[in-house]
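Its first residue numbered 7, the sequence shown is counted upward by one per residue in my numbering. Reading through the structure tokens given below for one structure.
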Amino acid sequence: MDPRPRAGRLVPAALDLWVAALTVLLLWPLLTEAGHPLARDLVFTPHQPFRLAWLGLGDSPARAVPLDALVAAADLVVGGALLARVALVGILVLAGCAAHRLLRDAHPASRAAAAGFALWNPFVVERLALGQWALLAAYAACFVVVAAAVRLRRVSEQGRGARTRAAAGLLVGAALASITPTGAVVAGGLAAVLAWTRGTRRLAVAVAVIVQLPWLVPALLGASGSVGDPNAVEAFAARAERPGGALWSLLGLGGIWDSGSVPPSRGGVLGHVGTVLVVGVVVFGWPRLRRLLPEAAPRLAVAAAVGLGLAVVAAVPGGSAGVRLLVESVPGAGLLRDGQKWLLPAVVLAVLSFGAVTDRALRAARTRSPGLLATVGTAALLLPLAVLPDATRVVWPTVRPVDYPVDFARVADVVDGSDGSMASLPWAPYRLYPWGAASAVYDPASRWFDVDVVMSDRLSVGPLTLGGESVRSATVGAALARAGQPGGTPAAAADLRRLGVRWLLVQADAATRPALPAGYVERFRGTHLELYESADPVAPQPNPGMSRIATVVGTDALVAALVLAAMVLVTRDRFIRRRGLPAGMLPRTQRGS
């Protein structure tokens with residue numbers, strides 16, 4: 007019996023176990039404790055309700071489209087607690103497993119090194135500490151996009167059927183990344199750049215365009231046309247984590263705007279070592295990476311350079327002025343304000359380069375000193391953990407789940423399914439709960455209650471308070487502010503009723519109690535939440551219009567149908583290739599598991 011097929015299955019399985027072990031280590035509190043993660047931007051509730059705003063049909067920029075709609079749909083099946091664990095584990099496992107599968111022709115130890123670095127690097131750790139799991143989903147899917155683009159290019163001279171099947175895989179990968187506009191832009195750009203040939207350019211462009219539609223169509227049809235606060239460019243620009251400037255930190259895959267998400271080790275010697283490591287593996291791993299991925303490596307390097315440029319531009323004086331001008335002049339340009347997120351292609355390149363440089367070192371050791379093979383492999387495996395030893399120090403507090411007080415369920419019993427809107431007070435987008443994490447968390451009210459929730463969208467970042475982009479939020483906030491002025495409560499109540507605000511939710515854990523307008527009657531009082539209802543009827547809620555709803559829903563349905571059809575085609579093609587074709591007839595990156 008030939009042992010090679012068995013070994014071919016055992017190696018990927020062992021690599022997957024390494025990925026699983028690192029995933030468990032990073033997410034240990036989430037996997038060992040009950041409850042829902044609720045910290046920073048990581049907000050899960052038992053059952054997130056569905057509302058049209060999740061499709062981009064509100065008056066705010068479509069920055070979480072279609073993420074919130076997908077979460078609401080998934081919550082109907084599995085509930086928020088299980089969904090949080092499936093999503094976070096799945097994202098990290100996908101990143102590690104897809105990374106090592108891209109390097110099939112490398113030594114298993116090299117693949118393991120790449121898989122480990124795919125999870126244990128500053129970009130992933132800092133974004134996970136901030137709770138931005140959707141951006142990490144885009145990151146993980148980028149490895150799938152690279153693999154699918156390689157396959158599409160390799161079948162470009164074959165028949166239309168082969169190209170269509172390969173393009174279906176590219177669409178599935180890009181769609182996985184496109185649960186937010188940022189992911190769609192990055193994945194769509196990668197798909198077009200990596201898969202472009204004379205025979206595939208139409209398919210590549212089609213994939214890139216399709217994944218933009220869920221956020222782009224509602225953005226173009228949006229009623230507000232509001233622009234962002236230019237001060238957001240400074241607030242969210244990449245920052246220096248240590249001496250050397252923002253670019254030096256970005257080259258080490260860090261530089262996130264939020265200092266609270268940065269492991270302390272990034273500010274000292276290990277931070278400098280990390281930057282030297284990343285630059286070194288990209289430079290010295292390049293010759294081997296070009297041999298391992300000849301179709302993808304050069305174009306991925308170009309995409310990484312563009313991403314690095316976008317990441318650093320707002321952190322330099324001249325570039326910052328240009329980005330400010332765009333943000334205050336062009337609706338939707340606020341997407342550019344968080345600079346460090348554009349490192350996504352560079353992180354993918356660094357991960358693959360780490361595997362390539364490890365493979366180069368192992369090949370050299372095999373030739374010159376075979377006794378060093380185990381030492382080199384082990385060192386490469388542990389190096390990411392050694393350079394970033396305190397990753398869990400910033401990640402664990404974010405992913406540690408909490409139990410919501412029973413007050414949330416009591417309020418939901420009253421307001422769910424009711425007409426009118428609910429304003430969440432105090433008027434701020436982030437909360438600090440004594441029963442929750444030590445860090446501030448995005449207000450979970452909009453994801454808890456099945457009623458239209460109006461919240462402040464004015465963010466405070468360090469000394470800066472940024473202007474919001476929702477006209478309705480601004481008008482409701484102005485009315486609530488009048489309630490705190492002498493003699494202003496009757497006018498405030500009248501304005502709120504005119505704006506359709508039926509309910510006032512007071513989160514009593516706040517340090518200061520907000521002033522309430524006259525004419526609102528207490529309906530519930532608990533330890534943590536209070537609920538008030540207008541004694542008089544309120545105006546109907548704003549309606550986005552049937553034509554706008556039909557256009558957006560129709561577009562989303564079309565995209566969903568295309569992605570589902572692509573998934574069926576990919577699954578069928580994979581089954582046929584595994585059962586009916588010899589491995590030698592397949593593109594090399596598609597052999598095996």
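Cβ coordinates follow ideal geometry from the N, Cα and C atoms, glycine included. Given the structure is predicted, the values throughout are model-derived calculations rather than measurements.
- The straight-line gap separating the alpha-carbon atoms of Val77 and Val382 is approximately 43 Å.
- Residue nearest to Ser462 within the set Gly473, Gly468 and Arg453 is Gly473 (criterion: CA-CA distance).
- In this structure, Ala140 sits near Leu73, with a CB-CB distance shorter than 8 Å.
- DSSP places Phe530 inside the beta strand (DSSP E), whose first and last residues are Tyr526 to Arg531.
- Non-local beta-carbon contacts of Gly423 in its own chain, meaning distances under 6 Å to residues more than five positions away in sequence, involve Asp456 in chain order.
- Counting every other CB atom within 10 Å of its CB across the protein chains shown gives Ile97 a total of 16 or more, marking it as buried.
- Shortest Cα-Cα distance from Ser184 to any of Val150, Arg208, Ala201 and Trp202 involves Val150.
- Taking C-beta separations shorter than 6 Å and ignoring five residues to either side along the sequence, the partners of Ala238 in its chain run Arg343 and Leu472, following chain order.
- From the listed residues Leu44, Leu108, Val17 and Arg15, the smallest Cα separation to Tyr448 is found for Leu44.
- For Arg406, no alpha helix (DSSP H) segment is defined, and its DSSP state is neither H nor E.
- The continuous beta strand (DSSP E) containing Tyr538 extends over residues Leu535 to Ser540.
- For secondary structure counted as the beta strand (DSSP E) over 3 or more consecutive residues, the stretch 21 to 82 holds these complete runs in sequence order: 42 to 45.
- In the three-state scheme derived from DSSP, where H, G and I count as helix and E and B as strand, Ser116 is classed as helix.
- Around the beta carbon of Glu132, 16 or more other beta carbons sit within 10 angstroms, so the residue counts as buried.
- Per DSSP, reduced to three states, the secondary structure at Arg464 is coil, with no helix or strand assignment.
- By the criterion of a C-beta distance shorter than 8 Å, Leu394 is surrounded in its chain by Trp126, Asn127, Pro128, Val131, Pro269, Ser271, Arg272, Leu276 and Gly280, once the five residues flanking it on both sides are discounted.
- Leaving aside the five residues that flank Pro432 on each side, the residues in its chain whose CB is nearer than 6 Å to its CB run, in chain order, Ala516 and Pro520.
- Of the candidates Val287, Phe360, Trp509 and Ala434, the residue whose Cα lies closest to the Cα of Ala487 is Ala434.
- A Cβ-Cβ separation of about 6 Å places Val405 in contact with Pro35 under the 8 Å criterion.
- Between Gly361 and Ala112, the C-beta spacing is below 8 Å.
- The beta-carbon separation of Val357 and Ala180, rounded to 19 Å, does not stay under the 8 Å limit for a contact.
- With fewer than three CB-CB distances shorter than 8 Å, the stretch 209 to 221 does not count as touching the stretch 311 to 319.
- Taking every protein chain shown into account, the CB of Asp81 has 16 or more other CB atoms within 10 angstroms, so this residue is buried.
- Here Tyr410 has His42 as same chain residues with Cβ atoms under 7 Å from its own Cβ, once five neighbours each way along the sequence are excluded.
- About 7 Å separates the beta carbons of Ala244 and Trp263, which is inside the 8 Å limit, making them a contact pair.
- Under the three-state reduction of DSSP, Ala429 is assigned to strand.
- Counting along the chain, Leu298 sits inside the alpha helix (DSSP H) bounded by residues Val275 to Leu298.
- Residue environment: Asp425 is assigned as exposed (fewer than 16 neighbouring CB atoms within 10 Å of its CB, all protein chains considered).
- Three or more Cβ pairs drawn from the stretch 215 to 229 and the stretch 553 to 568 lie within less than 8 Å of each other, which places the two stretches in contact.
- Around the beta carbon of Ser476, 16 or more other beta carbons lie within 10 angstroms, which makes this residue buried.
- The Cβ neighbour count for Gly286, taken over all protein chains shown within 10 Å, is under 16; the residue is labelled exposed.
- Under DSSP, Leu511 takes part in a beta bridge, and its partners are Ser430 and Leu537.
- In summary, Leu209 is buried, with 16 or more beta-carbon neighbours lying within 10 Å of its beta-carbon over all protein chains present.
- For Asn237, the uninterrupted alpha helix (DSSP H) run begins and ends at Asn237 to Ala241, by DSSP.
- Taken atom to atom, the span from the alpha-carbon of Leu142 to that of Leu134 is near 8 Å.
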